[in-house]
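Heads up: take any position in the sequence shown, counting from 1, add 1, and you land on the numbering used here.
Heads up: the structure comes next, in structure tokens.
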Amino acid sequence: MPQGVAAPVRLIWESLIPITLQDDAFRLVDVNPAYLRFTGLSRDKLVGRDPIELQPPHDRVTTRMLRARLNAAVTAPASAALPEAERLLDASGHERWFRASRNAVTDLHGRVFWVSVLQDCTLEQAERVRAQAAENEVAHWFDLSPQGMVLFDERGQVLKSNRAFEVLAGEAVLRLSDAAPALRQLMAWSDAGPSVQWQPGGEPLHRQAWLQQPDGGLRPLRATLRCVADGSGPHRYLAVLQDLQVEEERDLARIQRDALMHTAGVGLSTFQHSSGWVQPGPSVGGEAPASAGLQSISRELVQPESLAEFERLQQALRQARRAEVRYAISHPEFGQRWLLTRVEPAVLASGQHSTSVITLDVTEQHLAEQRNAQLLREMSTILQNTTAGIAYLRGHALVRCNRRFMDMLGLREPQPGVPFDELFAQHPQAAQMAAQTQQALAQGRVFETEFQLPRVGAEGGDAVWYSLSVRRTESEPPVDGAHDDSSPSLNRDASPDASQDAIAVLSDITRLKAEQRELEVLARDRELMFSLSGVGIAYVRNGVIQRANDALGQLAGGTAEQLAGQPLRALFADAEDFERLWPVEQRALHLHGEWLGERPLRRLNGELVWVRVSKRLVVSVADGGDPDGDLIVSYVNVNDRHRAEQAEALQAERTRAILDSVLVGIVTVGPQGIEWMNRSARRMFGGNLADFINQPISTVAPPGADHPFRQTHYREELVEGEAETFECRVKARDGREFWVVGNAVATGRLATGRQLTYALMDIERRRQADARIAEAQASLQRIIEAAPLAITLRDARTLGVLQINQLAARMAGLPADQIVGRTPQALYDAETADTMRADMRAALASTEVTTREYTAPIDGEMRTWDARYLPLASPGQPADQLLLVATDVTEQRVAQQAKFEAAIAQREMLVREVHHRIKNNLQGVAGLLQQVAVRKPEVADVISEVVGQVQAIAQVFGLQVGSSGPLRVTSVVEAITGSVQRTFGRSIVLSVRGHPAREWALPEAESIPIALTLNELLTNAVKHSARLAEGGFDPVDCTLRLSDEGVCVEIANRAQLPEGFSLARFPGGVSGLGLVRALLPRRSASLTIEQHGAQVVSSVLLVPPGVAELEPGA
């Protein structure tokens, strides 16, 4: 990718927009972090997986059709359409809506990939659903409102009205301009438009009018109007019509009720201004009525929740205004009662004011009203909110139905009396179904059927399944045998042709049918999974195998039929193993509902194989299942892995024995602390392995939070096989303190998790040499500070000289009195003056001492001056003066350079001596290992590999003995090639290509890993070379290519890579390609192994900073 394009692409990839890369089969190849946050899943659970698996099942057909169109668009591009909203289920099971832009890209090999850029529209979809719900609620409000409601615009166009409005208006109105004059007056509408200037949000307008009805009568109506539009949009007006005829009838009924109450002898009191309160007289029998005790009610008898109503009653009495109050009392004689008191003021014919107070005991009525109102609300709510459609039929014709029934059949306000077969006109056999219904009802049976109808408003043949149940209602017989000839229902029931009342219940069973089909598919798939699975599965009840699949039969060395009926304990290794493990497994099932573990399984022939066992309750304890209930048990053969782990453990012990003989300290640290250390590390730390087991490695670290042994980021941040180099002090248990240089390498184990392996080398002598050099530099600095000084004081604003001593004047070449007041431009040449002026400005901008070095001639001899600038300022104020102190350091610089070169020479001598001793020790270790290989041939191969690695390290240290500084790549490759050639006695042809004048070198920290990598690759090339037909082997070719970008080492041998070979299958380790991957620096080196014809070519590419270019002549 071009350099200018890579950065924007990475910025887009790391953005907040979810992006995916899919192959031609739409499996995920890579996803960006935004997509991980969008789905809530980790990368390893997404890569290689088809994202259609994250979608709900009923959305997948649409996705497959979309993919078909995308594949067709690759060959025949079409115009882009707006992406449709799609959804998936995230890790929490929540729906996430998105729109995706998909584009096909082709790589260099012609493979097609799909790049999808997703836009999260979950909130938009939720807002759309809420807006639709709000619109539906308004529509339901119009339909369910018992009052007439109408919505019209500024032109008088009726936008929406309900059935109640049409009934009150007496006609269907489309435009107010075409309506009757009385209706227009009621709607405040004139020929020119609204007759009243309304403002949105203003007070409602109330108007009354008499409307002519179709039967010729007049109906009094009241209209309440309000402007409901926004101030910026077109005005719309909402009107609510109220039938005042009901109020008139209520007033008449109230007068009649008052008369009836008076006639019935209810409590009545009248207040007249001329005579005061007039109490009702005694009854005809001479006794006061039973309600007389409820007339004089004091505040103390009123219950607390009714005090507000009682107070309203008292206010009405005091103010002589009409009121009707219902309140509860606790009467000492009658108990808790509900009273209804009515205050009715009136004006007598004489002009006198009168107030009548009527009190009625409405306890039973109040309780009955409460029960009826509650029942009515519950029944209305149930009928309108039930998911089933319900209709009441009489004589096989519709009487009434709920909204759900109309929605299911696509009916629009059906009129009562619609025949039964017309309700199901969409069904092709509606007449036959109606006949069957009549026949069933006539026989007193319940008619039930299931059928399909096209979905209302759907296109493309989408059908809905319905279940219809029609049941005849039983008519109540007349009380005491009475017969009312005016009851048409009873008369019809008395004859054979009488109409039948029935209830029809229509239920949507589409989902049930779909679930039934899905269950059938799932049952079939489950049976196929159980029968064809490669994992052994058994169904266990009461500890006995009820059923097993063929895979378990093969694993047990028999058949599934032989295992059926066998006790589960027969699959344990022996009775002792069963007695030991069975209680543990049962306890886990009781607590968690599942158990997972590994143990040996006894086959029918007595052979033991290691298996991974998973037990799970069919019904979990959390769902109310029995802990001792039925189980699903699965068995996976892990015998090969178990043997491999044993072999790996044995190999690890052998490797540790070899590492015990090297002089480099090796320490393995796990999550709990130190797990192992070799002999050199135990000698460094001053203790045995038992003293440090499970102890943190910081045990041997001096105090200090930044010590490398106390760093915790190595385990989290280092990639497996990646190394981190450090230098630090170590404090042994015996009190010794010394410096070490080491590498921290991240490794991993399945058993203990992530590990860190520390390789430590004692560099105390080198540190002592560095300390002596630093001490010499400090001594030289003190000598410079004590020497005679040239001092100049300048003004901070103009940089003019304020004061100067004689030595400084000699530096300027003028007498001191002639220098005062002059700026640098007046004392020095232009280049020197500009340099000093910039240094002075930089010093004034800093609060620290600024040091510069200048050369100036004195008495014809060039002298070197160490100049120090110090700004002088009062506390909290900017600097107003600049002090320059210069010291003649010509002789000191010469002496310092001589001492520095001597210290460097001494250090290089010490380093060469250390390297020489390390080389000799490593060669001795290699010799000892070769002797062990001769005595123990069974480990000769492993020891031969280790000997090669040790000799490679020795070659690197040998090269460092004869040279100073970084090692030349050419020398390292030649040394490793010669070492492998001598070890195996095989011919290796080394050639150097590229720029012969360009020389690359390896840093000290990278030389040993690179040398071990080349040694391992050359060893593999020698070991795995194919023998020629006439005998012998072709020589191994090693080519060193030098270029401007770096170094490439190619090793070619005649061999054949295995099918499906991939370096990713070799994790970091201590041998083979695992060692190569662990040692090779990730940031500056790469490894490839490819098949080129009959040869296998291994290439190691090194780029800076893994290699450094030497200066010409170095």
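Glycine residues also receive a C-beta, built at the ideal position from the N, C-alpha and C atoms.
Small disclaimer: the values here were computed from a predicted structure and weren't measured.
| Item | Value |
| --- | --- |
| Could you name each continuous alpha helix (DSSP H) segment of 4 residues or more that falls completely within the region 301–380, going from the start of the chain to the end? | 308–320 |
| For Gln246, which residues from the same chain have a beta carbon less than 7 Å from its beta carbon, with the 5 sequence-adjacent residues on both sides left out? | Arg220 and Pro221 |
| Please confirm if Arg70 has its CB atom under 8 Å from at least one CB of chain C. | Among the chains in the structure shown there is no chain C, since it carries only a single protein chain. |
| Could you give the residue range of the beta strand (DSSP E) that holds Glu676? | Gly674 to Met678 |
| If you drop the 5 nearest sequence neighbours on each side, which residues of the same chain put their C-beta closer than 6 Å to that of Glu325? | Arg343 |
| Sorted by chain position, which residues of the same chain lie with C-beta nearer than 8 Å to Ser93's C-beta, five sequence neighbours on each side aside? | Gly41 |
| For His1, collect the residues of the same chain with a Cβ closer than 6 Å to its Cβ; drop the 5 residues on either side in sequence, then sort them by chain order. | The requested residue 1 is not part of the displayed model; the chain covers only 2 to 1115. |
| So the candidates are Phe114, Glu85 and Ala140; which of them puts its Cα closest to the Cα of Cys122? | Glu85 |
| Who are the Cβ neighbours of Leu556 in its own chain at under 8 Å, not counting the five residues just before and after it? | Gly537, Leu602, Arg604, Val610, Val612, Tyr636 and Asn638 |
| Pull up the DSSP beta-bridge partners for Glu521, would you. | Its beta-bridge partners do not exist; DSSP assigns none. |
| Tell me the rounded alpha-carbon separation between Ala552 and Val541. | 16 Å |
| Compare the beta carbon distance of Ala240 and Val159 with 8 Å and say whether it is the shorter of the two. | no |
| Measuring only the C-alpha atoms, how far is Ala173 from Glu96? | 45 Å |
| Comparing C-alpha positions only, which one of Arg683, Pro825, Asp771 and Arg327 sits nearest to Asp661? | Arg683 |
| Would you identify the three-state DSSP class for Phe710, choosing helix, strand or coil? | helix |
| Could you say which of Glu1091, Leu226 and Val1104 lies nearest to Arg1042 if we only look at CA atoms? | Val1104 |
| Check whether the Cβ atoms of Arg313 and Pro346 sit closer than 8 Å, and answer yes or no. | no |
| In the region 16–65, which residue ranges form an unbroken beta strand (DSSP E) of at least 3 residues, counting only runs that do not cross its ends? | 20–23 and 29–32 |
| Identify the residues that DSSP records as bridge partners of Pro221: which are they? | Trp211 |
| Considering only C-alpha positions, which residue in the set Met678, Arg642 and Arg300 is nearest to Arg657? | Met678 |
| Flag this pair as yes or no: are the beta carbons of Val974 and Val1023 separated by less than 8 Å? | no |
| Run the CB neighbour count on Phe1116, radius 10 Å, all protein chains shown included, and call it buried at 16 or more, exposed below. | The question about residue 1116 has no answer here: the residues shown for the chain are numbered 2 through 1115. |
| Pull up the distance between the alpha-carbon of Arg100 and that of Lys514, whole angstroms please. | 31 Å |
| In whole angstroms, what is the alpha-carbon distance linking Ser1099 and Asp51? | 35 Å |
| By the 10 Å Cβ neighbour count, where 16 or more other Cβ atoms means buried, how is Trp190 classified, buried or exposed? | buried |
| DSSP three-state call for Ser699: helix, strand or coil? | helix |
| Using the three-state DSSP reduction, which class does His110 fall into: helix, strand or coil? | coil |
| Tell me where the beta strand (DSSP E) around Ser1200 begins and ends. | This structure cannot speak to residue 1200, because the chain is shown only from 2 to 1115. |
| What separation, rounded to the nearest whole angstrom, lies between the Cα atoms of Thr1040 and Thr971? | 11 Å |
| Across which residues does DSSP place His1093 in a beta bridge pair? | Gln1096 |
| Quick test of your reading: Leu618 and Leu632, contact by CB under 8 Å. State the CB separation rounded to the nearest angstrom. | 6 Å |
| Exposed or buried, Thr388, counting other C-beta atoms within 10 Å across all chains shown (16 or more means buried)? | exposed |
| For the alpha helix (DSSP H) that Ile977 lies in, which residues bound it at each end? | Val970 to Phe985 |
| Straight-line CA distance for Leu169 to Ala140? | 19 Å |
| Could you tell me the alpha carbon to alpha carbon distance between Ala392 and Asp509, rounded to whole angstroms? | 15 Å |
| Could you tell me which of Asp835, Ala777 and Asp867 sits nearest to Ala791, measuring between CA atoms? | Asp867 |
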